[in-house]
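Contents: one structure, followed by commentary.
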Amino acid sequence: MILEELVSVSRHYPMVKALSNVSLKIKSNEVLLVTGHSGSGKSTLLNMMGILDIPTKGKMKLMGKPVPTSESERAKLRSEFMGFVFQDFGLIPSITAHDNIVLPTLFGGNTPQGRAGELAEMLGITKRMHHYPRQLSGGEKQRVAIARSLINDPKILFADEPTGNLDSKTGKSVMNLLRDLADQGKAVVIVSHNPEHKEYADRVIKMKDGEII
Ligand SMILES: Nc1ncnc2c1ncn2[C@@H]1O[C@H](COP(=O)(O)OP(=O)(O)OP(=O)(O)O)[C@@H](O)[C@H]1O
Ligand SMILES: [Mg+2]
5 MILEELVSVS
15 RHYPMVKALS
25 NVSLKIKSNE
35 VLLVTGHSGS
45 GKSTLLNMMG
55 ILDIPTKGKM
65 KLMGKPVPTS
75 ESERAKLRSE
85 FMGFVFQDFG
95 LIPSITAHDN
105 IVLPTLFGGN
115 TPQGRAGELA
125 EMLGITKRMH
135 HYPRQLSGGE
145 KQRVAIARSL
155 INDPKILFAD
165 EPTGNLDSKT
175 GKSVMNLLRD
185 LADQGKAVVI
195 VSHNPEHKEY
205 ADRVIKMKDG
215 EII
């Protein structure tokens, strides 16, 4: 199923064409890998797909409807349909793993009680739920971040270099996890330099100078 569609999307800054004329579809059950050199426009594209930013040109549809320009409406759509995982984990250091995971539920959504526990079990971090981020290994932190990204049961999961700060074994287990989530029906979009990630992807797109090549 097509969840999101970009049609001839561009994002131009005064001196830079960060993204030019990009068209793509994001589908459920699929891992889409976005690769390309530094400065090629990967993060700009991720910001578009994650409706964190709006195009200077082109059209975008999410769940069959045009993406609104108002930031508050987009924020609502993000919390309803999207989850985000970052290279540096993005956990809040002063609260426990559990509280990091349930944080997105404070901004709306109707997350059933006990879902944090279920996710912790699925990700193998049940025994770490009352630890603070500094007490966790890199792989555990990324699992907590993935649990947090899944707490509102998003349809699309975006991951920007999700294994960038992990050793190769831990990185592989995170990639297997993202692959499983796609197999269970989510759309997973991964931005990465790592060519080894291709084996987990259904589709690979390469960016160069703001365009898909
Ligand atoms: N806010 C901005 N203002 C001006 N130029 C920008 C802005 N954000 C990004 N750019 C430029 O757009 C181009 C694409 O940047 P982008 O961050 O998308 O690259 P990237 O592929 O994610 O790179 P990296 O692998 O280093 O993260 C770069 O030339 C960058 O300098
Ligand atoms: Mg980037």
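Residue 42 in my numbering is what sits at position 38 of the sequence shown, and the numbering runs on without skipping anything.
From the three backbone atoms N, C-alpha and C, an ideal C-beta is built for every residue, glycine too.
Any heavy atom of ligand 2 within a distance shorter than 6 Å of the CB on residue i?
{"i": "Ser172", "result": "no"}
{"i": "Lys46", "result": "yes"}
Tell me the DSSP bridge mates of residue i?
{"i": "Thr73", "result": "Answer is none; Thr73 lacks a bridge partner."}
{"i": "Thr39", "result": "Lys210"}
{"i": "Lys65", "result": "Glu9, Pro70"}
{"i": "His1", "result": "Absent from the structure is residue 1, since the part of the chain shown begins at 5 and ends at 217."}
{"i": "Ala149", "result": "According to DSSP, Ala149 bridges with nothing at all."}
{"i": "Ile216", "result": "Met211"}
Along the chain, where does the beta strand (DSSP E) that runs through residue i open and close?
{"i": "Arg132", "result": "Careful: Arg132 lies outside any beta strand (DSSP E) and carries neither H nor E."}
{"i": "Asp164", "result": "160-164"}
{"i": "Leu3", "result": "This structure cannot settle anything about residue 3, because the visible part of the chain is limited to 5 through 217."}
{"i": "Ile194", "result": "191-195"}
DSSP three-state call for residue i: helix, strand or coil?
{"i": "Phe88", "result": "strand"}
{"i": "Glu203", "result": "helix"}
{"i": "Ile55", "result": "coil"}
{"i": "Glu4", "result": "Any question about residue 4 goes unanswered here, given that the chain covers just 5 to 217."}
{"i": "Ser141", "result": "coil"}
{"i": "Phe111", "result": "helix"}
{"i": "Ser44", "result": "coil"}
{"i": "Ser98", "result": "coil"}
Leaving out the 5 sequence neighbours to the left and right, which residues in its chain are closer than 7 Å to residue i when beta-carbon positions are compared?
{"i": "Met86", "result": "Gly54, Pro158, Ile160, Phe162"}
{"i": "Asn198", "result": "Thr167"}
{"i": "Glu144", "result": "Ile129, Arg132"}
{"i": "Gly40", "result": "Lys46, Lys210, Met211, Lys212"}
{"i": "Pro97", "result": "Tyr136, Pro137, Arg138"}
{"i": "Asn25", "result": "Ser12, Ser14, Glu215"}
Hey, quick one: how far does the alpha helix (DSSP H) through residue i stretch, first residue to last?
{"i": "Leu181", "result": "172-187"}
{"i": "Ile288", "result": "What the structure shows of the chain is the stretch from 5 to 217, and residue 288 is not part of that stretch, so it cannot be assessed."}
{"i": "Arg119", "result": "119-127"}
What I want to know is whether the C-beta of residue i ends up closer than 6 Å to one or more non-hydrogen atoms of ligand 1.
{"i": "Ala163", "result": "no"}
{"i": "Ala124", "result": "no"}
{"i": "Val20", "result": "yes"}
{"i": "Tyr235", "result": "With the chain covering 5 to 217 only, the question about residue 235 has no answer from this structure."}
{"i": "Gly54", "result": "no"}
{"i": "Tyr17", "result": "yes"}
{"i": "Ser14", "result": "no"}
{"i": "Ser42", "result": "yes"}
Identify, in the order they occur along the chain, each residue of the same chain with its Cβ nearer than 8 Å to the Cβ of residue i, setting aside the five sequence neighbours on each side.
{"i": "Ala120", "result": "His102, Ile105, Val106, Met133, Ala151, Ile155"}
{"i": "Asn180", "result": "Tyr204"}
{"i": "Val178", "result": "Gly143, Gln146, Arg147, Ile150, Pro166, Thr167, Leu170"}
Given residue i, which residues of its chain have a CB within under 6 Å of its CB, disregarding the five upstream and five downstream residues?
{"i": "Thr48", "result": "Arg15, Ala22, Leu23"}
{"i": "Lys190", "result": "Leu161"}
{"i": "Ile217", "result": "Lys210"}
{"i": "Ile123", "result": "The displayed chain sequence assigns Leu, not Ile, to residue 123. For Leu123, where only same-chain residues beyond five positions count, the Cβ hits under 6 Å are Ala151, Leu154."}
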